[in-house]
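For reference, the structure discussed in these notes is given below.
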Amino acid sequence: MAEIKLGSAGLLVATFFLAAALEAGPALPLKAGISKPPASLQPPSQFDNSTDHVQTVATTSTHAPITPKNVTTHAPTTPKNVTTHAPTTPKNVTTHAPTTPKNVTTHAPTTPKNITTHAPTTQNTTTTQTTTPVTAKPEPTPKTNLTVGNYTVAVGDKLCVMVQAAIQVYVNNNKAEGKYIIQPALATTTGKCNSSSASLNVNFRDGSITMLFRKNDTTKMVYVSSLQVNLTYAFKSGVSYTINKNNNSVQLFTMTVGHSYSCKSESIYMGEGVFLEFSHDKMQAFNFTNNQFGLPDLCKADRPNYKVAIAVGIVLIILIVIVVLAYLISRRKRTDGYQSL
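Quick note on numbering: the sequence shown equals residues -21 to -1, 1 to 320 in mature numbering (1 follows the signal peptide of the UniProt record, and there is no 0).
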């Protein structure tokens, strides 16, 4: 009876260890060519203090990680400054595999604590567009008529220089050809005066004209010793032509002291096909009487030419003499042809 009891006790112990092994989890299928060892039970033996353990073959099992019960996943919070943060992983989350007799623990990989992904910073770029001003091509001014202007220089209330004329610049060379007419209404006058010299500057939009008067006390004559022209103008479309001409050491517009100079039309050659033309001009410098022009000294073109008249008279006299002589000769021949009775 005692043997039956001991045998029952051994069977219970073996059954207990077998159940414990089965509760540890099902084993993975064995690889091909490896057979499962057969289970065996030892025959009951006499009860003692020693415990027979079932030897368990170590098998490799892969278990899914157990997710902690109280793990809450929050959506990543995007800061105002456009910064994208990676989801925060709990700091000390450890996934343990089911406990085996050998106390094998599998830990999940540790995620770095502070991983922050920043969005690229976009800078505000301002593009400045530069507008290039369009420069208009130079064009000739509309045709205008010659206009007589009155240009004066005074000292106090007394005139020093007075010029009345229609002035134009004429150009005829391989670079430009045309006329530039000075408009008195668009011109200004400046100048200086002293006892023996005076200057007159006529300034207009595209240039200026300067006249320098001299007085010779010995010969009692006044004349223009220097004439200067400065002009930049498009005589033809799209092409500007610049003139800087100065005619010095000359005696132009000669007049007696206290007299004025007068001419219907006069052209002064400045060089390189440039002419300064005066029309209906009258001018005087120094010794004005009541700020009025003195007696006119005419230019050569306007002076009477008596030589021509004399030559014409001489020719007429010669013709008359020839006619008279021819008449007398013809009359004498007629007289010789008559016979006396």
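We treat Cβ as the ideally placed atom computed from N, Cα and C, and that holds for glycine.
Query	Result
Roughly how many whole angstroms lie between the Cα atoms of MET190 and ASN284?	30 Å
Going by the beta-carbon positions, is the gap between TYR159 and PHE254 smaller than 8 Å?	no
Answer yes or no: do LEU179 and HIS238 have a C-beta to C-beta separation smaller than 8 Å?	no
Pick helix, strand or coil for residue 347, following the three-state DSSP scheme.	The chain is shown from -21 up to 320; residue 347 falls before or after that span and cannot be answered.
Could you tell me which uninterrupted beta strand (DSSP E) segments, each at least 3 residues in length, are contained entirely in the stretch 127 to 188, listed from first to last along the chain?	128 to 134, 137 to 151, 156 to 160, 167 to 172, 176 to 183
Assuming LEU277 is part of the beta strand (DSSP E), what are its boundary residues?	275 to 277
Going by the CB atoms, is the gap between ASN209 and ASN223 shorter than 8 Å?	yes
Kindly identify the DSSP beta-bridge partner or partners of ILE247.	LEU255
Cβ of residue 321 within 8 Å of Cβ of LYS137?	In the structure as shown, the chain starts at -21 and stops at 320, and residue 321 therefore has no counterpart that could be examined.
Look at VAL229 and SER204 and say whether their C-beta atoms are less than 8 Å apart.	yes
Between which two residues does the beta strand (DSSP E) containing THR211 stretch?	200 to 215
Among the residues of its own chain, which have a CB less than 6 Å from the CB of SER241, if the five just before and after it don't count?	LYS261, PRO275, LEU277
Classify TYR248 as buried or exposed, calling it buried when 16 or more other Cβ atoms lie within 10 Å of its own Cβ.	exposed
For a test of the three-state rule: what should DSSP assign to VAL218, helix, strand or coil?	strand
Under a Cβ-count criterion, where at least 16 other Cβ atoms within 10 Å of its own Cβ denotes burial, should GLY4 be classed as buried or exposed?	Interpretation of GLY4 is limited by its pLDDT of 49, a score under 50 that renders its predicted location unreliable; no figure is taken from the coordinates.
Give the straight-line distance between the Cα atoms of LEU298 and ALA305, rounded to the nearest whole angstrom.	11 Å
Looking only at its own chain, which residues have a Cβ that is under 6 Å from the Cβ of LYS312, when we skip the five neighbours before and after it?	none
Please identify the residue among VAL181, GLN207, PHE192, TYR220 whose C-alpha is closest to the C-alpha of ALA155.	TYR220
Using C-beta distances below 7 Å, list every residue in its chain close to GLU(-19), excluding the 5 sequence neighbours before and after it, in chain order.	Since pLDDT at GLU(-19) reaches only 45, below the 50 mark, its modelled position is unreliable, and the value read off the structure follows with that caveat. Contacts found: none.
DSSP has LYS224 in a bridge; who is on the other side?	VAL208
Taking 8 Å as the cut-off, decide whether the C-beta atoms of ILE161 and PHE183 are in contact.	yes
Taking the alpha carbon of ALA133 as the point to measure from, which residue in PRO163, THR169, LEU125 has its own alpha carbon closest?	THR169
Going by beta carbon distance, what residues of the same chain come within less than 6 Å of ASN225, once the five residues before and after it are set aside?	GLN207
GLU256 to ASN266, Cα distance in whole Å?	26 Å
Thinking C-alpha only, which one of GLN263, ALA(-8), VAL287 is nearest THR233?	GLN263
Please report the distance separating the alpha-carbon of LYS122 from that of LYS199.	42 Å
Measure from the alpha carbon of TYR130 to the alpha carbon of each residue in GLY252, LYS194, THR268, ILE188, then state which is nearest.	ILE188
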